[in-house]
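Chains as they are written, first to last, in the UniProt record's numbering: chain Y, 1 to 272; chain L, 1 to 272. From the three backbone atoms N, C-alpha and C, an ideal C-beta is built for every residue, glycine too. I have placed the structure first, in the form of structure tokens, so that the comments after it can refer back to it.
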């Protein structure tokens, strides 16, 4: 007989939390989502958001998530502490800490909100690109285990596709969990951190890098994400500025029908 | 004889903090920076960042700032509590709370960093626009006192300039403090929240709005900002998506020579 863990998707196993009390959970890093140094940041962010999703006092659905990667995270277990800082009628503001060896190694703020249908418009431009099934998946990068957990199909700006579509640091790619998994806020939050650091697109030189902080705005509802199923998403990422040891990059995540699911921004440390 | 307060720039008076101990300060809302309801958010964010700037343990200069506008702020005094959550060799992560009537009304996270010269490039596009002195300042909006604290000169997407330069929700404007004031991280952080809510550019209908959370990435050093003096800055703002009661907008802030000083992103509540 299978244990519950064995039947779980690798992503769900990676972000799983054991509850101590409403505010306090225990988690564990996942070898499957290992990065060159420490865990893939997208799974850490999703784990912090998961503490909010698990919280019995949560109001509404995720609207924003800001993750601070404050220090290296060692392989092994950690505790997560989540608290609602302020609860209003339709919005709620959260502070979540990941604690390892008695120190905060990562933390996040989030907003959850009850969302109602209103006037709607999208001003970001949906790019017209070839469909996912017409593009060959990019092989995983052995030194970054987490890349094997995503099916990534680059239109441009990817490994082996040095053309960047006219923008010096742009990538456009179809992406989904590998093996496939129905989309939800947790997996979408991780996908928002799955864009390769723009500096590797911008210049052909390997340097140490690390995301310092990442902010994601969610535009879709849980219902819309569920309807997405496990279809590939279209990501478009580009840098704004590199200098004095840091750069920032922004990305949009769309479904194949041109619905903007999330926008995400991050600042990244680099050496040299 | 002037009191020190009377000789202060109105912005410095608005963000002034009295120190209780290294982590705890008292501030007061400013009538000059009043908004339609409560204070202008840019000054609240600058006040929270000011607690970090005043802190004796601060390492380096601001790299990022995320402000959560968690609840309405009443006219009057408030306390500010700032703590370094994690300090590394060259980066430091902060959590700052604004407390009024015993509850958190706003809070922020920030990263400060020691920055060193590295390879540098700007991928965001600097727009070529007419110089500031060729454009008439836009009159202040009487119902939003804070607008009188900025000299704003719209190239497009402003009140009375309905053309939006080909993008449905874009504004481009020259902006500086009014009266003029040498630029620093504090005034720059406030300017990053001075772009009108994009929904008012996008459709000609007044609805209640409020910024929920705002993130700014600083690309300039203190030295670069000081060299800027009180010259006008060029801001370019646009929305990404409106729907289900919220929209997000992004902006870049440049100097007249095409140096990107900051990039900023926010999500805003709207009714209907």
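Would the region 132–146 of chain L and the region 122–134 of chain Y be scored as touching if the rule is three or more Cβ pairs under 8 Å?
-> With contact defined as three or more Cβ pairs closer than 8 Å, the region 132–146 of chain L and the region 122–134 of chain Y are not in contact.
Beta-carbon proximity of residue 225 of chain Y to residue 185 of chain Y, cut-off 8 Å = A contact, by the Cβ cut-off of 8 Å.
Contact set between the region 28–50 of chain Y and chain L, restricted to residues whose Cβ is under 8 Å from the partner = Under the 8 Å Cβ criterion, the region 28–50 of chain Y contributes no residue.
Taking one C-beta from the region 114–124 of chain Y and one from the region 7–17 of chain Y each time, how about it: are there three or more such pairs within less than 8 Å?
-> In short, these stretches do not touch, since the Cβ pair count stays below three.
Determine the chain L residues that contact residue 88 of chain Y at a beta-carbon separation under 8 Å, and present them in chain order.
-> Here the neighbours are 70 and 71.
Could you list the residues in the region 228–248 of chain Y with a C-beta less than 8 Å from some C-beta on chain L, going in chain order?
-> Cβ contacts with chain L: 238, 239, 240, 241, 242, 243, 244, 245, 246 and 248.
Who are the Cβ neighbours of residue 132 of chain L in its own chain at under 7 Å, not counting the five residues just before and after it?
-> Closer than 7 Å at Cβ, skipping near neighbours: 153, 174 and 232.
Answer with buried or exposed for residue 193 of chain Y, where buried requires no fewer than 16 other C-beta atoms within 10 angstroms of its C-beta.
-> Label assigned to residue 193 of chain Y: buried.
Quick one: grab the DSSP three-state call for residue 120 of chain Y.
-> Here residue 120 of chain Y sits in coil by DSSP.
Does the separation of the CB atoms of residue 105 of chain L and residue 82 of chain L fall below 8 Å?
-> Cβ distance not < 8 Å, so residue 105 of chain L and residue 82 of chain L don't count as in contact.
Residue 265 of chain Y to residue 252 of chain Y, Cα distance in whole Å?
-> One C-alpha to the other measures close to 9 Å.
Between residue 213 of chain Y and chain L, is there a C-beta pair that is closer than 8 Å?
-> At a cut-off of 8 Å between beta-carbon atoms, residue 213 of chain Y makes contact with chain L.
With a cut-off of 8 Å, does the C-beta of residue 159 of chain Y fall near any C-beta of chain L?
-> No, residue 159 of chain Y does not count as interfacial toward chain L.
What span of residues does the alpha helix (DSSP H) with residue 224 of chain Y cover, start to end?
-> If you look at residue 224 of chain Y, you'll find it in the alpha helix (DSSP H) that goes 222–228.
Looking only at its own chain, which residues have a Cβ that is under 6 Å from the Cβ of residue 147 of chain Y, when we skip the five neighbours before and after it?
-> The answer, listed in chain order, is 140 and 141.
contact_flag[the region 203–217 of chain Y, the region 66–79 of chain Y] where n(CB pairs < 8 Å) is 3 or more | In the pairwise beta carbon analysis, the region 203–217 of chain Y is classified as touching the region 66–79 of chain Y: at least three pairs are separated by under 8 Å.
Who are the near neighbours of residue 41 of chain L in its chain, counting only those whose CB is closer than 6 Å to its CB and skipping five residues on each side?
-> 69, 193 and 211.
Own chain, CB closer than 8 Å to residue 1 of chain L, minus 5 neighbours either side, in chain order | Residue placement at residue 1 of chain L is flagged as unreliable, the pLDDT there being 39, under the threshold of 50; the coordinate-derived value follows with that caveat. No residues qualify anywhere along the chain.
Nearest candidate by alpha-carbon position, reference residue 30 of chain Y, set Y:22, Y:47, Y:165 and Y:24 | Closest by alpha carbon: Y:47.
Alpha carbon to alpha carbon, what distance is there between residue 80 of chain L and residue 85 of chain Y?
-> Taking the straight line joining both Cα atoms gives about 15 Å.
Own chain partners of residue 190 of chain Y with C-beta closer than 6 Å, once the 5 adjacent residues on each side are dropped = The residues are 42, 43 and 46.
In chain order, what residues of the same chain have a beta carbon less than 6 Å from the beta carbon of residue 259 of chain Y, not counting five sequence neighbours either side?
-> A distance below 6 Å between beta-carbons, with the five flanking residues on each side excluded, links residue 259 of chain Y to no residue of its chain.
Closest residue to residue 54 of chain Y among Y:35, Y:75 and Y:24 (Cα-Cα distance) | If you compare the alpha carbons of Y:35, Y:75 and Y:24 with that of residue 54 of chain Y, the shortest gap goes to Y:24.
Whole-angstrom distance between residue 172 of chain Y and residue 199 of chain Y, CA atom to CA atom = Rounded to the nearest angstrom, the two C-alpha atoms are 15 Å apart.
To the nearest angstrom, how far is it from the Cα of residue 208 of chain Y to the Cα of residue 272 of chain Y?
-> In this structure, the CA atom of residue 208 of chain Y is about 9 Å from the CA atom of residue 272 of chain Y.
How many angstroms separate the CA atom of residue 270 of chain Y from the CA atom of residue 116 of chain L?
-> Between the alpha carbons of residue 270 of chain Y and residue 116 of chain L lies a distance of about 11 Å.
Inter-residue CB distance, residue 110 of chain L and residue 94 of chain L (contact presumed, cutoff 8 Å) | Residue 110 of chain L to residue 94 of chain L, Cβ: 4 Å. Contact.
How long is the line joining the alpha carbons of residue 182 of chain L and residue 223 of chain L, rounded to whole angstroms?
-> The alpha-carbon atoms of residue 182 of chain L and residue 223 of chain L are separated by roughly 12 Å.
Does DSSP classify residue 262 of chain Y as helix, strand or coil?
-> In the structure shown, residue 262 of chain Y sits in a strand (DSSP, three-state: E or B).
Collapsed DSSP secondary structure at residue 185 of chain Y in the structure displayed = Per DSSP, reduced to three states, the secondary structure at residue 185 of chain Y is helical.
Do residue 267 of chain Y and residue 170 of chain Y come within 8 Å of each other at the CB atom, strictly closer than that value?
-> In this structure, the beta-carbon distance from residue 170 of chain Y to residue 267 of chain Y does not fall below 8 Å.
Among residues of its own chain, excluding the 5 on either side of residue 56 of chain L, which ones have a beta-carbon nearer than 8 Å to its beta-carbon?
-> Only 22 meet the Cβ criterion.
Leaving aside the five residues before and after residue 103 of chain Y along the sequence, list all residues of the same chain whose C-beta is less than 8 Å from its C-beta, in chain order.
-> The residues are 71.
Run through DSSP, which three-state label would residue 156 of chain Y get?
-> In the structure shown, residue 156 of chain Y falls within a strand segment according to DSSP collapsed to helix, strand and coil.
Any beta-carbon of chain Y closer than 8 Å to the one on residue 196 of chain L?
-> At a cut-off of 8 Å between beta carbons, residue 196 of chain L makes no contact with chain Y.
If you draw a straight line from the alpha carbon of residue 257 of chain L to that of residue 248 of chain Y, how long is it in whole angstroms?
-> Roughly 20 Å between the two C-alpha positions.
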